[in-house]
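Colleague:
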Amino acid sequence: SKPAKAVKDVVEAAAEKVAGVLTPDVPGAPGSAPPTVEEPTTPHDPLPPKAEQGAPETRTPTGAKTDAPAIAKGQQGAFLTTSQGARLRDTDHSLKAGPRGPILLQDHHFREKITHFDHERIPERVVHARGAGAHGLFTAYGTAEKVTRAGFLKKGRETEVFVRFSTVLGSRGSADTVRDTRGFATKFYTDEGTFDLVANNMPVFFIQDAIKFPDIIHAAKPHPDREIPQAQSAHDTFWDFVSLHTEAQHHTMWNMSDRGIPRSYRTMEGFGVHTFRLVNAADETVLVKFHWKPKLGVHSLTWEEAQMLGGIDPDFHRRDLYDAIEAGAYPEWELGIQVFPDTPEESFAGIDLLDPTKIVPEELAPVQPIGRLTLNRTPRNFFAETEQVAFHLGHLPPGIDVTNDPLLQGRLFSYVDTQLTRLGGPNFSQIPINRPHAPVNDMLRDGFHQHAVHAGVAPYRPNSLDGGNPFPAGDDENAFVDVPVTVAEAPKVRANPVSFDDHYSQVRLFWLSMSPVEKEHIIRAYTFELGKCYHQAIKERQLQSLANIDPVLCAEVATGLGLPAPQPTVPLAEVTPSPALSQVGREWPSDGRMVGIVVDPDADLDGVGEVRRAVFAAGMVPLLIAPHGGLVGDLPVQRTFATGRSVEFDVLLLAAAPTPTPDAIPARDAKVGAADSAAVDPRVLLMVEECWRHAKAIGAWGGGVTVLERAGVAGTPGVVTGDSGAEVFTAVQQLLAAHRVWERFPASVA
Ligand code: HDD
Numbered sequence: 004s005k006p007a008k009a010v011k012d013v014v015e016a017a018a019e020k021v022a023g024v025l026t027p028d029v030p031g032a033p034g035s036a037p038p039t040v041e042e043p044t045t046p047h048d049p050l051p052p053k054a055e056q057g058a059p060e061t062r063t064p065t066g067a068k069t070d071a072p073a074i075a076k077g078q079q080g081a082f083l084t085t086s087q088g089a090r091l092r093d094t095d096h097s098l099k100a101g102p103r104g105p106i107l108l109q110d111h112h113f114r115e116k117i118t119h120f121d122h123e124r125i126p127e128r129v130v131h132a133r134g135a136g137a138h139g140l141f142t143a144y145g146t147a148e149k150v151t152r153a154g155f156l157k158k159g160r161e162t163e164v165f166v167r168f169s170t171v172l173g174s175r176g177s178a179d180t181v182r183d184t185r186g187f188a189t190k191f192y193t194d195e196g197t198f199d200l201v202a203n204n205m206p207v208f209f210i211q212d213a214i215k216f217p218d219i220i221h222a223a224k225p226h227p228d229r230e231i232p233q234a235q236s237a238h239d240t241f242w243d244f245v246s247l248h249t250e251a252q253h254h255t256m257w258n259m260s261d262r263g264i265p266r267s268y269r270t271m272e273g274f275g276v277h278t279f280r281l282v283n284a285a286d287e288t289v290l291v292k293f294h295w296k297p298k299l300g301v302h303s304l305t306w307e308e309a310q311m312l313g314g315i316d317p318d319f320h321r322r323d324l325y326d327a328i329e330a331g332a333y334p335e336w337e338l339g340i341q342v343f344p345d346t347p348e349e350s351f352a353g354i355d356l357l358d359p360t361k362i363v364p365e366e367l368a369p370v371q372p373i374g375r376l377t378l379n380r381t382p383r384n385f386f387a388e389t390e391q392v393a394f395h396l397g398h399l400p401p402g403i404d405v406t407n408d409p410l411l412q413g414r415l416f417s418y419v420d421t422q423l424t425r426l427g428g429p430n431f432s433q434i435p436i437n438r439p440h441a442p443v444n445d446m447l448r449d450g451f452h453q454h455a456v457h458a459g460v461a462p463y464r465p466n467s468l469d470g471g472n473p474f475p476a477g478d479d480e481n482a483f484v485d486v487p488v489t490v491a492e493a494p495k496v497r498a499n500p501v502s503f504d505d506h507y508s509q510v511r512l513f514w515l516s517m518s519p520v521e522k523e524h525i526i527r528a529y530t531f532e533l534g535k536c537y538h539q540a541i542k543e544r545q546l547q548s549l550a551n552i553d554p555v556l557c558a559e560v561a562t563g564l565g566l567p568a569p570q571p572t573v574p575l576a577e578v579t580p581s582p583a584l585s586q587v588g589r590e591w592p593s594d595g596r597m598v599g600i601v602v603d604p605d606a607d608l609d610g611v612g613e614v615r616r617a618v619f620a621a622g623m624v625p626l627l628i629a630p631h632g633g634l635v636g637d638l639p640v641q642r643t644f645a646t647g648r649s650v651e652f653d654v655l656l657l658a659a660a661p662t663p664t665p666d667a668i669p670a671r672d673a674k675v676g677a678a679d680s681a682a683v684d685p686r687v688l689l690m691v692e693e694c695w696r697h698a699k700a701i702g703a704w705g706g707g708v709t710v711l712e713r714a715g716v717a718g719t720p721g722v723v724t725g726d727s728g729a730e731v732f733t734a735v736q737q738l739l740a741a742h743r744v745w746e747r748f749p750a751s752v753a
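According to the UniProt record's numbering, the sequence shown is numbered sequentially starting from 4.
(1) On a CA-only basis, which of 344, 662 and 603 is nearest residue 641? Give me that one, please.
(2) Please tell me whether residue 199 and residue 651 are closer than 9 angstroms, where the distance is taken between their beta carbons.
(3) Please report the distance separating the alpha-carbon of residue 249 from that of residue 237.
(4) With a Cβ-Cβ cutoff of 9 angstroms, do residue 134 and residue 377 count as a contact?
(5) Restricting to Cα atoms, I'd like to know which of 152, 629 and 191 is closest to residue 285.
(6) By how many angstroms is the C-alpha of residue 161 removed from the C-alpha of residue 56?
(7) Looking only at DSSP bridge pairs, what is residue 340 linked to?
(8) Give every residue of the same chain whose Cβ lies closer than 7 angstroms to the Cβ of residue 570, excluding the five residues on either side of it in the sequence, and list them in chain order.
(9) Helix, strand or coil: which one does DSSP assign to residue 446?
(10) Report the residue from 523, 687 and 662 whose alpha carbon sits nearest the alpha carbon of residue 749.
(11) Please classify residue 424 as buried or exposed, where buried requires at least 16 neighbouring CB atoms within 10 angstroms.
(12) On a Cα-Cα basis, can you pick out the residue from 466, 655, 740 and 723 that is closest to residue 589?
(13) As a quick exercise: from 452, 435 and 457, pick the residue whose alpha carbon is nearest that of residue 445.
(14) Label residue 714 either buried or exposed according to how many other C-beta atoms from any shown protein chain fall within 10 Å of its C-beta, with 16 as the threshold for buried.
(15) For residue 141, which residues does DSSP report across the bridge?
(16) Quick test of your reading: residue 513 and residue 253, contact by CB under 8 angstroms. State the CB separation rounded to the nearest angstrom.
(17) Residue 487: buried (16+ other C-beta within 10 angstroms of its C-beta) or exposed?
(18) How about residue 702: is its Cβ closer than 8 angstroms to a heavy atom in the ligand HDD?
(19) With residue 421 as the anchor, note down where its alpha helix (DSSP H) starts and where it stops.
(20) Going by C-alpha distance, which of 614, 687, 596 and 397 is nearest residue 299?
(21) Any idea what DSSP makes of residue 576, helix, strand or coil?
(22) Quick one: is the Cβ of residue 341 within less than 8 angstroms of any heavy atom of the ligand HDD?
(23) Can you tell me whether residue 265 sits near the ligand HDD, meaning its C-beta is under 8 angstroms from at least one heavy atom of the ligand?
(24) Return the CA-CA distance between residue 269 and residue 337, expressed in angstroms with no decimal places.
(25) How should residue 226 be labelled, buried or exposed, when 16 other C-beta atoms within 10 angstroms of its C-beta is the threshold for buried?
(26) Is any heavy atom of the ligand HDD found at a distance shorter than 8 angstroms from the C-beta of residue 756?
(27) For residue 626, which of 411, 610, 643 and 468 has the nearest alpha-carbon?
(28) Check each candidate in 90, 87, 230 and 246 and name the one with the smallest Cα separation from residue 541.
(29) Does residue 403 come out as helix, strand or coil in the three-state DSSP assignment?
(30) According to DSSP, is residue 465 helix, strand or coil?
(31) Below 7 angstroms CB to CB, which residues in the same chain sit around residue 373 once its five sequence neighbours on both sides are set aside?
(32) Mapping DSSP to helix, strand and coil, what is residue 656?
(33) Where residue 720 and residue 170 are concerned, what is the direct C-alpha to C-alpha distance, given to the nearest angstrom?
(34) Can you give the Cα-Cα distance for residue 745 and residue 698, rounded to whole angstroms?
(35) Reducing DSSP to helix, strand and coil, say where residue 503 ends up.
(36) Which residue wins for smallest C-alpha separation from residue 593, given the options 732, 648, 527 and 606?
In structure tokens form, the structure reads like this:
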């Protein structure tokens, strides 16, 4: 019609005006010069998968393996399509009524793209939101065969696994190195059904009964009004709760110890916390506690490193895990069990095995290795795998059963329940990462996100229409065993056993098992955290708990807070320390460590090359730090003075004394500047200073020795020099066996 034509004319005229007058220099606009950089116009093959990385395991919704490509959707073929597979010509411009007009509701591609984007996020986990996962393999030693019928623990059996490490308190985007407990959840895809070992890096828990879980988490999460602080316990509500609820004191001290700030996921122990019940082929039972022992030893950050890393590299642990796996340095742990007789008392050496605030010292019940875990593949897609993985304590294969630990019992409810909101319905076990590798033959049907196309008409029992299928497994057909444990005849009560009332003896045991330097760290952690509280009454109440644990600890923290130290209100427990709890004073392997090497073009580059080879040969990772990127000589540079910071290295080697480059931050000391020809780049001096303060081994040869002198650390403990790089490296490697040069930390307590 006429008016429509008029509009069209106006629009076209306007478009011409815009193109020709207002934007003559825009590449591609009429009259403008042809573009100098050509955009790709021909289809390319999709990017190949990362080297040596398969896709997530592909299973049918019922668990059978399939040969179909793992990424059944997305990145198939060269052309962009809609979700329905129709090829698209343009995804950069919405369909509009003229170039300046409004978007048309008709634009199905626009609506699909934006709607999908709008719904990309799912609720983060209510706890353990921040995590990192990896695939791996578990190989059984066969040593558990006597005590459990679980097939995956038979000698030589290999089982695929997925592990997710996490912090507890922080949101999905929070920093990795905060002071917190770490989750260590493992999904064993056994051929008899999935086994989830949902563990932590600490062997005890804050509460004895799951009904208190919302309380402790509400107290520890950010304050409800301002939603701060993020990912930490250094605030009033946390200390309010743990000082009022003294069964939390044991776990709290683990958090205040170096265990609360691990060096790496690869250097953490893991603990199943609860006591589990194993059943063997003869239906005999034992009680066990599960332990993961890292091959690289148990190591922590210093508190200052942890704080610095929160800003310098909030992804420190995630990056460390992925870098190690992708470099082929596969992290390993041994799974072990402490075994106890299954007696009616459910206790061992006077320790109630159903109390999750208690450990059984390894000296009383040694951890017996039963298999090895190797993480060898990083996820291809974080969301699909790490975010959607769903663990549950009730995922148990035949041969492993639960006990009446009231924390464990409550967890058996919570984990499935939480997935209903988080993963949007009851079919989350059909998500690829959650699919069992054992065949599934359930009678669960329909529901949101149902992916299975179930056959048959009779998902009920008994039936005659589907031939009576599926059948319950008989006695010899390897069904899950609910151990017929006798439940004592007792009144229904909301109460704990009396043994649960001891809240202090094992905290004292932990404290007395620490070396002086670890005690010092614990004192400083309490002093820091309570120093961040505003309420005097909370500090005083927590000091009372510390007095009941140990008067020296209490006095030191009280001094730091400027408060009087109270007297104990309970007799101090007589305990025997457990050396296995300490990380100090042991010989650890040095592989997997990061060795920073400061170089510049004047350095002894042959010597550096030799050290690099020696570092690789020792299973460690050399990182060259130079004034600029690219190459120094023919050696590749991994970090510059701008991108490298001391906190990522376990050891610092200096092969040069680089002078400041123009981008060096102004020196703290005005005399140290570009004008001074003997000056060392202030960032290198800072690196040395920080490494020294964090008790790291430092070595230097050639020009590097000058740096030690200028930093004022030459000749101090753990600082070595030599004639060659090789000699210096050998010396620092020996120092690494202790992890740090502990004597540099002054310890005020014995
Ligand atoms: Fe829990 C997640 C470990 C007590 C309720 N828990 C979660 C994760 C780990 C643990 C490692 C993260 C799993 C993952 O990576 O997806 N939780 C523990 C340990 C506990 C413990 C070792 C004590 C020994 N948890 C506990 C209690 C309750 C929960 C007492 C509730 C009554 N935990 C949950 C949860 C989460 C969870 C709300 C959040 C996300 C999820 O489960 O899948 O259900």
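A virtual CB, placed ideally from N, CA and C, is assigned to each residue, including glycine.
Given the structure is predicted, the values throughout are model-derived calculations rather than measurements.
Modeller: Short version:
(1) 603
(2) no
(3) 17 angstroms
(4) no
(5) 152
(6) Low confidence applies to residue 56: its pLDDT is 40, below 50, so where it sits in the model is not reliable, and the reading given next is rough at best. So the two alpha carbons sit approximately 19 angstroms from each other.
(7) 293 and 371
(8) 550
(9) coil
(10) 523
(11) exposed
(12) 740
(13) 457
(14) buried
(15) 162 and 376
(16) 7 angstroms
(17) exposed
(18) no
(19) 409–425
(20) 596
(21) coil
(22) no
(23) no
(24) 12 angstroms
(25) exposed
(26) Because residue 756 is not part of the residues shown, which for the chain are 4 to 753, the question remains open.
(27) 643
(28) 246
(29) strand
(30) coil
(31) 143, 144, 146, 147, 156, 338, 339 and 340
(32) strand
(33) 34 angstroms
(34) 6 angstroms
(35) helix
(36) 732
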